[in-house]
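**Q** Numbering (mature numbering (1 follows the signal peptide of the UniProt record, and there is no 0)), first residue to last: -27 to -1, 1 to 227. From the three backbone atoms N, C-alpha and C, an ideal C-beta is built for every residue, glycine too.
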Amino acid sequence: MTELARRTLLTGGLAAGALCTPTLALARPVVTLPPDVAQRDAATVMAVRTNAPVVAMTFDDGPHPRLTPVLLDILKARGLRATFYLIGNRCVTWPDIVRRIAAEGHEIGNHSWSHPDLSRHSDEAAMDEIDRTTDTIFKITGRPPVTFRPPYGAFTRRQRLMLYQARNLPTILWSVDPQDWRRPGASVVSSRILKGSRPGAIILSHDIQSGTVKAMPATLDGLTERGLRFGTVSQMMGWPLWQDRRFRRVSTQG
């Protein structure tokens, strides 16, 4: 691990009572979310309990060299912020897109280095996947991610607690899953998101899917027409905007 991965811990935490436990759908059919995923703890976030009419749009698996810039144009035209869970090895390939995501006010989260099923990995291997991605995002943007989303949602409760204790990274899951990876078409993706979204929802989607990006204008406009606003995951949890957050380094050595 690099010096940043060994020594950087993020300030701040999740307020008590901020979690709720709606039913989850799988991002992929190849793994099963552990039954303890619904247990409430600061290490796991599925949605945010709030009276404010706000939702978090999240986009996984990018950056994509063609689709992510199109999505950024869509968001910019509407003045909306989203959260992008980026894969480390793709950040290395397309750093300019990563910088654009950060520069335009969106939050960047950690989505592992190579998108494996981390529930099948050792703690050391899982932490390496996460730390390499944190270091890469830090080197590109000047700040580390403050939340983590496991590929496929596959991360055991023990792993989630381990990560939260070791790196102060909560695991962010979702409460709305349009299963856009199945490529059902833009209209179906939009309909599923509109149907499932409520205040405090965390909406899962993938900006590596052309149908998802095509669905976004109608989806974003439809949610706005229902009176819903958009925030990043950090904002939903009551944290500062990612770009404004201050970080401090403390030693993790015993």
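List the residues that DSSP assigns as beta-bridge partners of Ala29.
**A** Numbered from its first residue, the sequence shown carries residue 29 at position 56. Per DSSP, Ile175.
**Q** Go through its chain and collect everything with a Cβ distance to Ser183's Cβ below 7 Å, but skip five positions before and after it.
**A** Sequence index remark: in the sequence shown, residue 183 carries index 210 (1-based). Excluding residues within five positions, the ones whose Cβ falls inside 7 Å are Leu40.
**Q** Closest to Ile176 by C-alpha separation, out of Ala50, Arg219, Phe32 and Ser207, would be which residue?
**A** The sequence position of residue 176 within the sequence shown is 203, counting from 1. Residue Phe32 is the option with its Cα nearest to Ile176.
**Q** Please determine, among Asp180, Asn83 and Ser87, the residue with the shortest C-alpha to C-alpha distance to Asp46.
**A** Within the sequence shown, the letter at position 73 stands for residue 46. Ranking the options by Cα distance to Asp46, first place goes to Asp180.
**Q** Would a C-beta distance cut-off of 8 Å place Arg133 and Thr144 closer than the cut-off?
**A** The count along the sequence shown starts at 1 and reaches residue 133 at position 160. The count along the sequence shown starts at 1 and reaches residue 144 at position 171. Cβ atoms of Arg133 and Thr144: closer than 8 Å.
**Q** Among Thr192, Ala75, Asp96 and Ser164, whose alpha-carbon lies nearest the alpha-carbon of Tyr137?
**A** Along the sequence shown, one-based indexing puts residue 137 at 164. For the residues Thr192, Ala75, Asp96 and Ser164, the minimum Cα distance to Tyr137 belongs to Asp96.
**Q** Tell me, please, which residues DSSP counts as bridged to Gly35.
**A** Translated into positions along the sequence shown, residue 35 becomes position 62. Answer is Leu59, bridged to Gly35.
**Q** Is the beta carbon of Pro213 closer than 8 Å to that of Val28?
**A** Sequence index remark: in the sequence shown, residue 28 carries index 55 (1-based). Sequence index remark: in the sequence shown, residue 213 carries index 240 (1-based). The answer is no: Cβ separation not under 8 Å.
**Q** At 3 residues or longer, what runs of the beta strand (DSSP E) sit wholly inside the region 72 to 154?
**A** With a minimum length of 3 residues, the continuous beta strand (DSSP E) runs that stay inside the region 72 to 154 are 80 to 83.
**Q** Can you confirm whether the region 85 to 99 touches the region 42 to 57 when touching is taken to mean that 3 or more C-beta pairs between the two stretches lie within less than 8 Å?
**A** These segments do not touch.
**Q** Suppose the cutoff is 6 Å on Cβ atoms and the five residues either side in sequence are ignored; what does the same chain contact list for His88 look like?
**A** The residue labelled residue 88 in the question sits at position 115 within the sequence shown. If we look at His88 and ignore the five residues flanking it on each side, its Cβ neighbours are Ile60 and Pro124.
**Q** Could you check which residue in Phe220, Val21, Ala25 and Ser170 has the C-alpha nearest to that of Arg140?
**A** The count along the sequence shown starts at 1 and reaches residue 140 at position 167. Cα-wise, what sits closest to Arg140 is Phe220.
**Q** Per DSSP, Thr17 is paired with what?
**A** Translated into positions along the sequence shown, residue 17 becomes position 44. Beta-bridge pairing links Thr17 to Thr144.
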